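So the structure is just underneath, and the comments pick up after that.
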């Protein structure tokens, strides 16, 4: 039995990503990228507020089956209710928005608090409620770009880059880093 | 006259992003996010290989007009030809791929070389040619996630996070970071 290494979210118990404002069809690829970034950068939950979207869930589950890891998936829930739940259980809510305070100004405080973290990312328009309810409104640069990028850079800063070396347990395939080719162990075509 | 601060790409002359494998319609939103991340994280060029896509160009131009900055835009060109041109003018080509070597292993070398940088990001399937022609095949984590995320984290590491403080000249609107609200100066609704 392999000894289990610590997981990125261990200090906090839970690091979940809440995706707001998803419009099925139109947003399915961006939302899938958000879900895959959540997994790859060390979150252990992904919540899709509002309608469910089979194509997002399928992509995430296929990735988990092939490349391993543990991400709880929920959908069809109220985003507000999730924020309330998170506060009730003592967690903190971090809303990523280009209007917020620079990530560097708050990341140490967020990193050193052991409270479970709910990271909220929106699509185009996020309701005022989330700006008020969040413990932190955090900007990864005060420029318009991408919730996919904002989430990745935020988690990369939270974990100081160590998330890139996580072991994903249960993987059927693993990449061996290579300067030139594509080397995959496990013998499975994913 | 405002004194111009150094721009992130100054040490290299050019930091361009080459987007491969774009399928109009299907990829328009992801490719738009790639273009906006290129701008926001300190690239000064964005090249869309293959077909042009008006919706990508429109989003990028609208962002530049409103929020400022300088990004050269090209489309409808051959990706291979661009890589060759880049090498002919003494530049280096960095292909972001989950199969590559960890970003931390090569970022210092890439950062300290003053050669112009062409950062190649693919969609689903990238031709073997690019793995062979690239000076570096670089992985931002050896896990499947998102070219949007990979590009953002790569540029964030290249510039050591300083790109988040860039001044975007010519902006009609600027965000004043705020812990709770949305504060924009310039008086223009973008």
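Chains as they are written, first to last, in this note's numbering: chain E, 281 to 470; chain V, 281 to 470.
Beta carbons: idealized from backbone N, C-alpha and C, even for Gly.
All values reported here derive from a predicted model rather than from experimental measurement.
Inset, instruction - Pair every Cβ in the segment 329-343 of chain V with every Cβ in the segment 439-449 of chain V, then say whether three or more of these pairs are closer than 8 Å. - result: no
Legend entry - Endpoints, beta strand (DSSP E) assigned at residue 355/E: 352-357
Inset, instruction - May I ask you to list, following chain order, the residues of the segment 319-349 of chain E that have a beta carbon less than 7 Å from some beta carbon of chain V? - result: 320, 343 and 347
Inset, instruction - Assign residue 462/V to one of three DSSP states: helix, strand, or coil. - result: coil
Inset, instruction - Would you kindly report the start and end of the unbroken alpha helix (DSSP H) that includes residue 388/E? - result: 383-392
Legend entry - Length of the line joining the Cα atoms of residue 425/V and residue 388/V: 24 Å
Legend entry - Exposed unless 16 or more other CB atoms sit within 10 angstroms - verdict on residue 348/V: buried
Inset, instruction - Report the option in 412/V, 386/V, 418/V and 394/V whose CA atom is closest to the CA atom of residue 401/V. - result: 418/V
Legend entry - Separation of residue 297/E from residue 357/E, as counted between CA atoms: 13 Å
Legend entry - Own chain partners of residue 321/V with C-beta closer than 6 Å, once the 5 adjacent residues on each side are dropped: 432, 435 and 443
Inset, instruction - Could you tell me which residues DSSP pairs with residue 417/V in its beta bridges? - result: 375/V
Legend entry - Residue range of the unbroken alpha helix (DSSP H) whose run includes residue 316/V: 308-320
Legend entry - residue 281/E versus residue 450/E: straight-line alpha-carbon distance, rounded: Residue placement at residue 281/E is poorly supported in this model, since its pLDDT is 49, which falls under 50; the coordinates still yield a value, given next. Rounded to whole angstroms, residue 281/E to residue 450/E spans 13 Å at the Cα level.
Inset, instruction - Examine the Cβ distances between the segment 285-304 of chain V and the segment 323-330 of chain E and report whether three or more of them are shorter than 8 Å. - result: no
Legend entry - Inter-residue Cα distance where the pair is residue 303/E and residue 331/E: 8 Å
Inset, instruction - Measure how close the beta-carbons of residue 374/E and residue 379/V come, nearest whole angstrom, since I'm counting them as under 8 Å. - result: Contact doesn't hold; Cβ gap of about 32 Å is too wide.
Legend entry - Span separating the alpha-carbon of residue 396/E from that of residue 295/V: 38 Å
Legend entry - Per DSSP, the bridge partner or partners of residue 296/V: 325/V and 398/V
Legend entry - Residue burial classification, residue 305/E (beta-carbon count within 10 angstroms, cutoff 16): exposed
Inset, instruction - Identify whether residue 303/E lies in helix, strand or coil by the three-state DSSP scheme. - result: coil
Inset, instruction - Tell whether a beta-carbon distance below 8 Å holds between residue 428/V and residue 313/E. - result: yes
Inset, instruction - Tell me, to the nearest whole angstrom, how far the beta carbon of residue 376/E is from that of residue 420/E; I am working on the premise that it is less than 8 Å. - result: 7 Å
Inset, instruction - Could you tell me which residues DSSP puts in a beta bridge with residue 455/E? - result: 464/E
Legend entry - Selected residue, minimal CA-CA separation from residue 453/V, among 359/V, 363/V, 422/V and 466/V: 466/V
Inset, instruction - Leaving aside the five residues before and after residue 284/E along the sequence, list all residues of the same chain whose C-beta is less than 6 Å from its C-beta, in chain order. - result: none
Legend entry - Where residue 403/V meets chain E, residues with beta-carbon distance less than 9 Å: Ordered by position in chain E, no residue passes the 9 Å Cβ test against residue 403/V, which lies about 10 Å from the chain.
Inset, instruction - Could you give the DSSP three-state label for residue 286/V: helix, strand or coil? - result: coil
Legend entry - Interface flag, residue 250/E vs chain V, CB-CB below 8 Å: Because residue 250/E is not part of the residues shown, which for chain E are 281 to 470, the question remains open.
Inset, instruction - Verify the contact flag: residue 414/V, CB atom, against every heavy atom of the ligand HEM, threshold strictly below 7 Å. - result: Among the components of this structure there are no ligands whatsoever, and the ligand HEM is therefore not found.
Inset, instruction - Using a Cβ-Cβ cut-off of less than 9 Å, give me the residues of the segment 446-465 of chain E that come near chain V, in sequence order. - result: 446, 448, 454, 455, 456, 457, 458, 459, 460, 461, 462, 463 and 464
Legend entry - is_contact[residue 281/V, chain E] using C-beta, thresh 8 Å: Unreliable placement is indicated for residue 281/V, whose pLDDT of 48 sits below 50; the coordinate value is still reported in the next sentence. Answer no: the Cβ-Cβ gap between residue 281/V and chain E never drops below 8 Å.
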